[in-house]
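Enquirer: Sending over a structure as structure tokens; questions will come in a sec.
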Amino acid sequence: MSRSVQRLCVVGAGIGGLAAAALLAARGLEVTVLERAPAVGGKLRFLSPANGLTLREVFAALFEAAGARLEEELALTRQPLLDRFLWPDGQLLDLFDDAEATAEAIGAMAGAEAVSAYRGYLSRARQIFEALAGPFLFSPRPHPLALSMNPAVALRLGAAALSPLWEALGGHFRRHPRLRQVFARAAAYVGCSPLLAPATLMMISHIEREGVWQVAGGLLRLAEALAQLAARHGAQIRCGAEVAAIALKGGRAAGVILREGGERLGADAVLVNADAMALGAGLFGPEAARAVPPVAAGARSFSAITWPMRITAGGELLATQTVLLPDEPTAEYTELQYRHRLPPAPSIQLARDGDRLLCMVSAPARADTRPLPAEAIAACGRHVQERLAGIGVMAEAEGPPLTPADFAAAFPGTGGALYGAALHGWSAAFQRPAAQSALPGLFLCGGGTHPGPGVAMAAISGRLAAAAILEERL
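Numbering of the sequence shown is given in our numbering, commencing with residue 1447 and proceeding in unit increments.
Set out below in structure tokens:
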């Protein structure tokens, strides 16, 4: 007689793994979460201040399914001002969750024609989201042919959705290059170039307009709340426990082997909340490596350099989220994408929490072990300080910058890439691994799997993995 999975090992305590652990522990499974780092959170331990929370309903449904209420677990505040953009000549543009407020700001900056272009763009962003939400974002990964043959999806998307983001934005903002530059920032949220990323990323503008929420204490509190919820349902969470290999029995995943002492934990199934690149590189054993295809070095998403700072003077122009844009909108992507080096004048993302400031620029991930030259990192740091000084902000570093080499060490097998495989080309989204791997009993979740990077997407991947595990029969 077949039976359901009863014992589960979760490898990695990022958002996806913790979401699945909470859901499955609430259903009565014996869940053990194993995290090599000293604390839960995954990439949020490094980038927590850099993002707000979108798709709040995803998390409300997740907590409810695990027997809790989101508003009782976390203090959330809606952020009316989504982003502030500043150029070297001092021009400023604010984007709000209220479309009319944004239209007014765009009109003040670029005139009535630009407002009309923005309204058309926003309508297109909504169309794309409505086309992809049900059959793609919130569902198991479909085959591209099945999605393209869905008449409702095809009608809403249109052929233009298959073009690169930069090209599609040109159709809306060709006479307004700075607006094109602003909305091309959607590609940065998935760590890739707008010159190659698909136009479907325009839906991010619609998602943000539906609400961006700040979490009291930072997004890391979300991971901690999920871990606490899983623990309340009996899940065991072990930090400082590095998994060396996936154990197999009879051709299926049957537990894990820890690096320290070779401890073996048996399970009916294993959920890996780590980048598929690590799995494909053989870091969990040669048998598990065959569960996913290896990702080529050229397909890696961008990494980053981050500087933690404290504001000592000025700061009046800094919003919760501020982006300092360069004059030339595409030069940085050419440097990052084709030359694999830091551009001289990158976009700078600033996340502010009181007098604390996290500064972040995109940087190339590396397939090898060679770090970025120290002089290039130092020059980039000077550029960040110069741009801050240009808007009247004096800030002191609170520690050394984190570089792609640091992220590569924290997340082995990735080369420092923070968003999994690069979303370059319309078909790239269908090349991400699904929840069910090619190895029986081995499941996947996290930002490197379907439906992609981002806190909400990682949570969705955890929910999809949990559903697949509950359907598993031995």
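Backbone N, C-alpha and C fix where the C-beta goes; we use that ideal spot for every residue, glycine too.
Where histidine 1618 and alanine 1467 are concerned, what is the direct C-alpha to C-alpha distance, given to the nearest angstrom?
Expert: In the sequence shown, the residue the question calls residue 1618 occupies position 172. In the sequence shown, the residue the question calls residue 1467 occupies position 21. Looking at the two C-alpha atoms, the distance is approximately 43 Å.
Enquirer: Excluding the 5 residues preceding and the 5 following alanine 1579 in the sequence, name in chain order all residues of the same chain whose CB lies nearer than 8 Å to its CB.
Expert: Residue numbering aside, residue 1579 sits at position 133 when the sequence shown is read from its first letter. Correct list: empty, nothing qualifies.
Enquirer: Would you list the residues sitting across from valine 1716 in a DSSP beta bridge?
Expert: Indexing the sequence shown from 1 puts residue 1716 at position 270. Beta-bridge pairing links valine 1716 to Cys1455 and Leu1888.
Enquirer: CA-CA distance, histidine 1589 and glycine 1838?
Expert: One-based indexing of the sequence shown puts residue 1589 at position 143. One-based indexing of the sequence shown puts residue 1838 at position 392. The straight-line gap from Cα to Cα measures roughly 51 Å.
Enquirer: At a cut of 8 Å, does the region 1608-1623 reach the region 1645-1653 through at least three beta carbon pairs?
Expert: Verdict: yes, contact present.
Enquirer: Could you check what DSSP says for alanine 1743 in three-state terms: helix, strand or coil?
Expert: For the purposes of this step, residue 1743 is taken as the residue at position 297 of the sequence shown. Low per-residue confidence applies at alanine 1743: pLDDT is 45, beneath 50, and the placement is therefore not dependable enough to give any value.
Enquirer: Consult DSSP for glutamine 1767 and reduce its assignment to one of helix, strand or coil.
Expert: For the purposes of this step, residue 1767 is taken as the residue at position 321 of the sequence shown. Residue state, collapsed to three classes: strand.
Enquirer: Could you tell me whether the Cβ atoms of glycine 1637 and phenylalanine 1748 are closer together than 9 Å?
Expert: Against the sequence shown, residue 1637 aligns to sequence position 191. Against the sequence shown, residue 1748 aligns to sequence position 302. It is a contact, given that the beta carbons lie within the stated cut-off.
Enquirer: Determine the burial state of glutamate 1654: buried for a count of at least 16 other Cβ atoms within 10 Å of its Cβ, exposed for fewer.
Expert: Taking the first residue of the sequence shown as 1, we reach residue 1654 at position 208. Under this definition glutamate 1654 is a buried residue.
Enquirer: Which partner residues does tryptophan 1753 have in the DSSP bridge list?
Expert: On the sequence shown, residue 1753 is found 307 positions in, with the first residue counted as 1. According to DSSP, which records beta bridges pairwise, tryptophan 1753 is partnered with Cys1805.
Enquirer: Quick check on DSSP: helix, strand or coil for alanine 1791?
Expert: For the purposes of this step, residue 1791 is taken as residue 345 along the sequence shown, with counting starting at 1. Coil, per DSSP.
Enquirer: Taking glutamine 1627 and leucine 1771 to be in contact with their CB atoms under 8 Å, please state how far apart those CB atoms are, rounded to whole angstroms.
Expert: Along the sequence shown, read from residue 1 onward, the residue named residue 1627 stands at position 181. Along the sequence shown, read from residue 1 onward, the residue named residue 1771 stands at position 325. That belief holds up - the Cβ atoms of glutamine 1627 and leucine 1771 are roughly 6 Å apart, short of 8 Å.
Enquirer: Output the distance between the C-alpha atoms of alanine 1690 and leucine 1796, rounded to the nearest integer angstrom.
Expert: Counting from one through the sequence shown, the residue named residue 1690 turns up at place 244. Counting from one through the sequence shown, the residue named residue 1796 turns up at place 350. Alanine 1690 and leucine 1796: Cα-Cα distance of roughly 36 Å.
Enquirer: Comparing alpha-carbon positions, which option in Ser1494, Val1599 and Leu1464 lies nearest aspartate 1799?
Expert: On the sequence shown, position 353 is the one that residue 1799 refers to. Nearest option by C-alpha distance: Ser1494.
Enquirer: Flag this pair as yes or no: are the beta carbons of alanine 1750 and glycine 1460 separated by less than 9 Å?
Expert: Residue mapping note: residue 1750 aligns to position 304 of the sequence shown, counting from 1. Residue mapping note: residue 1460 aligns to position 14 of the sequence shown, counting from 1. No, the pair does not count as a contact, with Cβ atoms beyond the cut-off.
Enquirer: Going by DSSP in three states, glycine 1657 sits in which element: helix, strand or coil?
Expert: Position 211 of the sequence shown, counted from the start, is the residue given in the question as residue 1657. The answer is coil: DSSP assigns glycine 1657 none of H, G, I, E or B.
Enquirer: Mind checking which residues open and close the alpha helix (DSSP H) that includes alanine 1467?
Expert: For the purposes of this step, residue 1467 is taken as residue 21 along the sequence shown, with counting starting at 1. From DSSP, the alpha helix (DSSP H) with alanine 1467 extends over 1461-1472.
Enquirer: Nearest to phenylalanine 1853 by CA position, among Leu1469, Val1456 and Lys1489, is which residue?
Expert: Residue numbering aside, residue 1853 sits at position 407 when the sequence shown is read from its first letter. Nearest of Leu1469, Val1456 and Lys1489 to phenylalanine 1853, Cα basis: Lys1489.
Enquirer: Is the region 1770-1790 in contact with the region 1875-1894, if contact means three or more CB pairs nearer than 8 Å?
Expert: These segments do not touch.
Enquirer: In whole angstroms, what is the alpha-carbon distance linking alanine 1765 and proline 1897?
Expert: Your numbering for residue 1765 matches position 319 in the sequence shown. Your numbering for residue 1897 matches position 451 in the sequence shown. In a straight line, the C-alpha of alanine 1765 is about 30 Å away from that of proline 1897.
Enquirer: Out of Asp1544, Trp1533, Glu1517 and Gly1474, which one is the CA nearest neighbour of proline 1526?
Expert: In the sequence shown, residue 1526 corresponds to position 80, counting from 1. The shortest C-alpha separation from proline 1526 is found at Asp1544.
Enquirer: Closer than 7 Å by C-beta to alanine 1914: which residues in its own chain qualify, once you throw out the five before and the five after it? Chain order, please.
Expert: One-based indexing of the sequence shown puts residue 1914 at position 468. Correct list, in chain order: Ala1881, Gln1882 and Phe1889.
Enquirer: Cα separation between alanine 1549 and alanine 1720?
Expert: On the sequence shown, residue 1549 is found 103 positions in, with the first residue counted as 1. On the sequence shown, residue 1720 is found 274 positions in, with the first residue counted as 1. Taking the straight line joining both Cα atoms gives about 40 Å.
Enquirer: Would you say the region 1752-1759 touches the region 1803-1810, given that touching needs at least three Cβ pairs under 8 Å?
Expert: Counting Cβ pairs under 8 Å, three or more are found: they touch.
Enquirer: Kindly confirm or deny that the region 1701-1715 and the region 1677-1690 touch, where touching means at least three C-beta pairs closer than 8 Å.
Expert: Taking 8 Å as the limit for Cβ pairs, the verdict is that the region 1677-1690 does touch the region 1701-1715.
Enquirer: Can you name, in chain order, every residue of its own chain whose Cβ lies under 7 Å from the Cβ of asparagine 1497, other than the five neighbours on each side?
Expert: Residue 1497 sits at position 51 when you count from the first residue of the sequence shown. Answer for asparagine 1497: Leu1665 and Val1901, listed in chain order.
Enquirer: Taking arginine 1710 as the reference, give the member of Val1504, Leu1694 and Arg1746 with the closest Cα.
Expert: Here residue 1710 is taken as the residue at index 264 of the sequence shown, counted from 1. For the residues Val1504, Leu1694 and Arg1746, the minimum Cα distance to arginine 1710 belongs to Leu1694.
Enquirer: Go ahead and label glutamate 1481 buried or exposed: buried means 16 or more other beta carbons lie within 10 angstroms of its beta carbon, across all protein chains shown.
Expert: Along the sequence shown, one-based indexing puts residue 1481 at 35. With 16 or more other Cβ atoms within 10 Å, it is buried.
Enquirer: How should glutamine 1452 be labelled, buried or exposed, when 16 other C-beta atoms within 10 angstroms of its C-beta is the threshold for buried?
Expert: Numbered from 1 along the sequence shown, position 6 holds the residue referred to as residue 1452. Glutamine 1452 comes out exposed.
Enquirer: Could you check which residue in Ala1841, Gly1487, Ser1651 and Leu1593 has the C-alpha nearest to that of tyrosine 1567?
Expert: Against the sequence shown, residue 1567 aligns to sequence position 121. Taking only the C-alpha atoms, the option nearest tyrosine 1567 is Ser1651.
Enquirer: By a C-beta neighbour count over all protein chains shown, 10 Å radius and 16 as the cutoff for buried, is threonine 1523 buried or exposed?
Expert: Here residue 1523 is taken as the residue at index 77 of the sequence shown, counted from 1. With fewer than 16 Cβ atoms within 10 Å of its Cβ, threonine 1523 is classed as exposed.
Enquirer: In angstroms, rounded to a whole number, what distance separates the CA positions of alanine 1485 and leucine 1848?
Expert: Taking the first residue of the sequence shown as 1, we reach residue 1485 at position 39. Taking the first residue of the sequence shown as 1, we reach residue 1848 at position 402. Between alanine 1485 and leucine 1848, the C-alpha separation is close to 18 Å.
Enquirer: Please list the segments of the beta strand (DSSP E) lying wholly inside the region 1838-1883, counting only runs of 3 or more residues, in order along the chain.
Expert: Counting whole runs of 3 or more residues, the region 1838-1883 contains the beta strand (DSSP E) stretches 1840-1843.
Enquirer: Using the three-state DSSP reduction, which class does serine 1651 fall into: helix, strand or coil?
Expert: Walking along the sequence shown from the start, residue 1651 turns up at place 205. Of the three classes helix, strand and coil, the one that applies to serine 1651 here is helix, per DSSP.
Enquirer: With a 10 Å radius around its C-beta and 16 neighbouring C-beta atoms as the bar for buried, classify glycine 1859 as buried or exposed.
Expert: Looking up residue 1859 in the sequence shown gives position 413. Label assigned to glycine 1859: buried.
Enquirer: Just tell me which of Cys1826, Ala1598, Ser1569 and Arg1565 has its CA closest to the CA of proline 1581.
Expert: What you label residue 1581 is simply residue 135 of the sequence shown in a count that begins at 1. Measuring from the Cα of proline 1581, the nearest candidate turns out to be Ala1598.
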